[in-house]
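Protein sequence lines, in the order shown, are assigned to chains A and B.
Under my numbering, the first residue of the first sequence carries the number 3, and numbering increases by one thereafter.
Under my numbering, the first residue of the second sequence carries the number 3, and numbering increases by one thereafter.
Some notes on the structure that comes next.
Number of protein chains: 2
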Amino acid sequence: MEPTIPVEEEIIDLSEFLKTFGDPTRLRILFLLRERELGVHAIAEQLELQQTTVSHQLKVLRYLRLVRYRKEGRGVFYSLSDDHIEQILNIGMEHIQEQI
Amino acid sequence: MEPTIPVEEEIIDLSEFLKTFGDPTRLRILFLLRERELGVHAIAEQLELQQTTVSHQLKVLRYLRLVRYRKEGRGVFYSLSDDHIEQILNIGMEHIQEQI
DNA sequence: TTAATATATGAATATATGTTCATATATGAA
DNA sequence: TTCATATATGAACATATATTCATATATTAA
């Protein structure tokens, strides 16, 4: 079975999805969430970022379904959306660690 | 073994690597090269892009090691760098095709 | 209700990036 | 060498994007 080239709409969706991994702040958030579910304030504190910066980036991560969230009390707790996210992080790390 | 959070330099390298997948033109080039090795002119023709656009993007893809190339005569032939590239494309496609 | 805490949103700004045009470099043919 | 073909590069411009500041919304406690 020959691999096929995705149609235009898939290319756009895929580029938006993968582009979301292309920012240091978002990556830091994702690596934190790989360890455990966290609230917005905890993410901001651990990464030494402003709350508003974190909220803006979480909105992007939510929209592209890299994370999911649940509300509890006044807090909102975020975690990685599914295993694809961690797989991409792992493959990416393998790639950049390759020498030559 | 607990997963660790990459250090600053790794985060930067990883974000630059993954960012490279975040553009429709580069994705189209990668999907073409997933099928077969191709020269610059052939890529431009198949994707209906200007040669100079393709060259600029190939430079990015080379720099981040998503593709490799070999020179033959006056041509330069490009192919995917290693299996990581196809893996990321495949996982990404799986993700965007998930409904819900 | 009022106050306090947690999170989200909108506008503004500075920076990054993709494409185009013009042109340079490289290789092979004549 | 000169010409033609293949590819790469640099500058310019328009668009996209990350962060900040100010503020809004939501929830709980008093």
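Quick reminder that beta carbons are idealized off the backbone N, C-alpha and C, glycines included.
Only a predicted model underlies this, so the values are computations on that prediction, with no experimental measurement involved.
- Here DSSP, grouped into helix, strand and coil, assigns residue 81/B to strand.
- The alpha-carbon separation between residue 73/A and residue 41/B amounts to approximately 52 Å.
- Excluding its 5 nearest sequence neighbours in each direction, residue 43/A has no C-beta neighbour in its own chain below 6 Å.
- Using beta-carbon distances, residue 70/A does not count as an interface residue toward chain B, since no partner is under 8 Å.
- Contact between the segment 13–32 of chain B and the segment 66–86 of chain B is present: three or more C-beta pairs spanning the two stretches fall below 8 Å.
- A buried status is given to residue 21/A, since no fewer than 16 other beta-carbon atoms sit within 10 Å of its beta-carbon.
- Residues of chain B whose Cβ lies closer than 7 Å to the Cβ of residue 13/A are, in chain order, 26, 29, 30.
- A distance of 8 Å or more separates the beta carbons of residue 98/B and residue 25/A.
- Residue 59/B sits buried, since 16 or more C-beta atoms from the chains shown fall within 10 Å of its C-beta.
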